[in-house]
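Numbering (our numbering), first residue to last: 1 to 314.
See structure below.
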Amino acid sequence: MSKFLKTFGLFALLLIFATACSTEKPGSSSGSDDGGESSGDDKTKIGLSVSTLNNPFFVSLRDGAEAAAKEAGYEIVTADAQNDPAKQVNDIEDLLQQNIDVLLVNPADSAAVVSAIESANSKDVPVITVDRSADGGEIVSHIASDNIAGGEMAGKFIAEQLSDKGKVVELEGIPGASATRERGKGFHNIVDKKDGIEVVAKQSANFDRSKGLTVMENILQSTDNIDAVFAHNDEMALGAVQALEAKNMLKDVIVVGFDATDDARAAVSEGRMDATIAQQPKLIGEKAINAAGKVVKGEDIKESIPVELQLVKE
1 MSKFLKTFGL FALLLIFATA CSTEKPGSSS GSDDGGESSG DDKTKIGLSV
51 STLNNPFFVS LRDGAEAAAK EAGYEIVTAD AQNDPAKQVN DIEDLLQQNI
101 DVLLVNPADS AAVVSAIESA NSKDVPVITV DRSADGGEIV SHIASDNIAG
151 GEMAGKFIAE QLSDKGKVVE LEGIPGASAT RERGKGFHNI VDKKDGIEVV
201 AKQSANFDRS KGLTVMENIL QSTDNIDAVF AHNDEMALGA VQALEAKNML
251 KDVIVVGFDA TDDARAAVSE GRMDATIAQQ PKLIGEKAIN AAGKVVKGED
301 IKESIPVELQ LVKE
């Protein structure tokens with residue numbers, strides 16, 4: 001009997017030990033919330049889908065977001081859509097598979113991105129748009145400069161420089177992008193009211209410098225009687241500058257861009273561009289991370305968070 005009790009007692013101790021070892025530790029990866037300390041798996045994870053990193057403006061936006069995320073202790077995963085709306089939709093689906101807490105989207109195409117935003121909505125992942133808006137889906141907040149106001153700022157500057165009389169070329173951004181529509185609208189809010197100003201050519205160059213060069217070269221083959229160029233971003237403006245320089249026309253044509261990238265600011269300082277509308281892409285990225293953090297904490301944020309614009313000229 002004594003031997004049986006000893007054996008039974010040993011078995012009981014082993015059973016208790018095994019049970020204790022199998023009990024999950026607080027903060028383990030099971031996903032349960034037992035009120036213990038947060039582990040690395042509980043770190044806020046933010047997905048950032050950028051329209052293209054082949055543009056210095058969006059590189060600055062990404063850098064601002066990533067630096068702010070690091071400072072806040074958040075994990076951030078960035079995807080480059082390469083100006084391909086279909087790729088952006090796929091990128092966002094991939095980000096959603098990585099269990100992100102918030103999705104930041106800079107749309108390549110404001111309409112095409114809607115399906116991806118709706119997918120995030122269905123998974124209860126909050127969405128914040130940055131720099132460019134989306135045409136649909138549930139958006140928690142939009143963080144951007146006022147593109148219409150910026151277009152108006154460019155229009156006023158050109159009208160003043162031309163004394164309300166002259167022929168103007170407009171280089172448009174990517175068709176379907178909200179920035180294209182809004183900057184164009186603001187510009188036309190001003191110049192269309194000036195009887196002496198005529199927009200003699202208006203073509204898309206997809207926010208790209210090389211395409212800005214090519215489109216401007218083609219326009220100059222049709223007419224070299226122009227007084228000003230308004231480009232919806234600096235990359236296209238710098239392409240137009242190259243085309244005008246090749247024709248020895250730059251000194252007679254006013255060129256205005258948008259974004260105030262480092263290259264554009266240098267061109268303004270050198271007198272190769274007359275002005276650019278300054279956004280603050282790094283600050284847009286920082287504000288987006290700050291807003292994402294508030295969303296995760298359940299704090300209220302504004303539906304629209306503006307970032308100030310400024311005219312940069314000689």
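C-beta: ideal position from N, C-alpha, C; glycine also.
Check this for me: beta carbons of residue i and residue j, under 7 Å apart or not?
{"i": "Ala288", "j": "Leu104", "result": "yes"}
{"i": "Gly155", "j": "Val199", "result": "no"}
{"i": "Val50", "j": "Arg62", "result": "yes"}
{"i": "Val140", "j": "Val296", "result": "no"}
{"i": "Ala201", "j": "Ile219", "result": "yes"}
{"i": "Pro281", "j": "Phe57", "result": "yes"}
{"i": "Thr276", "j": "Asp224", "result": "no"}
{"i": "His142", "j": "Arg183", "result": "no"}
{"i": "Ser178", "j": "Ser133", "result": "yes"}
{"i": "Gly47", "j": "Leu95", "result": "yes"}
{"i": "Ala264", "j": "Gly257", "result": "yes"}
{"i": "Gly166", "j": "Ile197", "result": "yes"}
{"i": "Asp164", "j": "Lys194", "result": "yes"}
Tell me, which residues are paired with residue i by DSSP?
{"i": "Ser304", "result": "His142"}
{"i": "Ile197", "result": "Gly166"}
{"i": "Val268", "result": "For Val268, which the question treats as bridged, DSSP gives no partner whatsoever."}
{"i": "Leu104", "result": "Leu48 and Ile128"}
{"i": "Ile277", "result": "Phe258 and Leu311"}
{"i": "Ser204", "result": "Glu172"}
From this set, the options, which residue's C-alpha is nearest residue i's C-alpha?
{"i": "Asp84", "options": "Val168, Thr44, Pro175 and Lys45", "result": "Pro175"}
{"i": "Lys211", "options": "Lys193, Ala243, Ala201 and Gly196", "result": "Ala243"}
{"i": "Glu299", "options": "Pro126, Ile92 and Ser133", "result": "Pro126"}
{"i": "Glu270", "options": "Leu238, Lys185 and Leu53", "result": "Leu238"}
{"i": "Pro107", "options": "Val140, Glu66, Val59 and Thr52", "result": "Thr52"}
{"i": "Ala159", "options": "Ile128, Met236 and Ile254", "result": "Ile254"}
{"i": "Gln161", "options": "Val229, Asp131 and Gln88", "result": "Val229"}
{"i": "Gly136", "options": "Met153, Ala112 and Lys43", "result": "Ala112"}
{"i": "Lys123", "options": "Glu152, Gln97 and Phe187", "result": "Gln97"}
{"i": "Asp42", "options": "Glu118, Asn99 and Arg272", "result": "Asn99"}
{"i": "Glu217", "options": "Lys193, Gly196 and Met249", "result": "Met249"}
{"i": "Arg272", "options": "Gly73, Val241, Thr214 and Asn147", "result": "Val241"}
{"i": "Val114", "options": "Gly73, Glu138 and Lys193", "result": "Glu138"}
{"i": "Asp101", "options": "Lys87, Tyr74, Ala116 and Asn189", "result": "Tyr74"}
{"i": "Gln82", "options": "Val215, Asp109, Glu118 and Asn290", "result": "Asp109"}
If you follow the beta strand (DSSP E) that residue i is part of, which residue opens it and which one closes it?
{"i": "Ala260", "result": "Careful: Ala260 lies outside any beta strand (DSSP E) and carries neither H nor E."}
{"i": "Phe230", "result": "Ala228 to Ala231"}
{"i": "Lys313", "result": "Gln310 to Lys313"}
{"i": "Ile158", "result": "Looking at the DSSP string, Ile158 is not in any beta strand (DSSP E); the run it does join, the alpha helix (DSSP H), is Asn147 to Gln161."}
My assumption, with CB atoms under 8 Å, is that residue i sits in contact with residue j. Please give the rounded CB distance.
{"i": "Leu311", "j": "Phe157", "result": "6 Å"}
{"i": "Val168", "j": "Asp80", "result": "With 8 Å as the limit, Val168 and Asp80 do not qualify as a contact, their Cβ atoms being about 33 Å apart."}
{"i": "Ala149", "j": "Gly186", "result": "6 Å"}
{"i": "Leu171", "j": "Met236", "result": "4 Å"}
{"i": "Ala69", "j": "Ile92", "result": "Actually they do not touch by this definition, with Cβ atoms about 18 Å apart."}
{"i": "Asn90", "j": "Phe207", "result": "With a Cβ gap of about 21 Å, Asn90 and Phe207 do not count as contacting."}
{"i": "Thr129", "j": "Gly293", "result": "Not confirmed; about 17 Å, so no contact."}
{"i": "Gln279", "j": "Ala260", "result": "6 Å"}
{"i": "Glu314", "j": "Asp274", "result": "7 Å"}
Would you give the residue range spanned by the alpha helix (DSSP H) that residue i belongs to?
{"i": "Gln97", "result": "Pro85 to Gln97"}
{"i": "Leu244", "result": "Asp234 to Ala246"}
{"i": "Thr78", "result": "Here Thr78 belongs to no alpha helix (DSSP H); instead the beta strand (DSSP E) covers Glu75 to Asp80."}
{"i": "Thr214", "result": "Arg209 to Ser222"}
{"i": "Leu61", "result": "Pro56 to Ala72"}
{"i": "Ser115", "result": "Val114 to Ser122"}
{"i": "Gly136", "result": "Element bounds for Gly136: n/a, residue is neither H nor E."}
{"i": "Lys251", "result": "Where Lys251 is concerned, there is no enclosing alpha helix (DSSP H), given that its DSSP letter is neither H nor E."}
{"i": "Asn225", "result": "Per DSSP, Asn225 belongs to no alpha helix (DSSP H) and is neither H nor E."}
{"i": "Gly186", "result": "Ser178 to Val191"}
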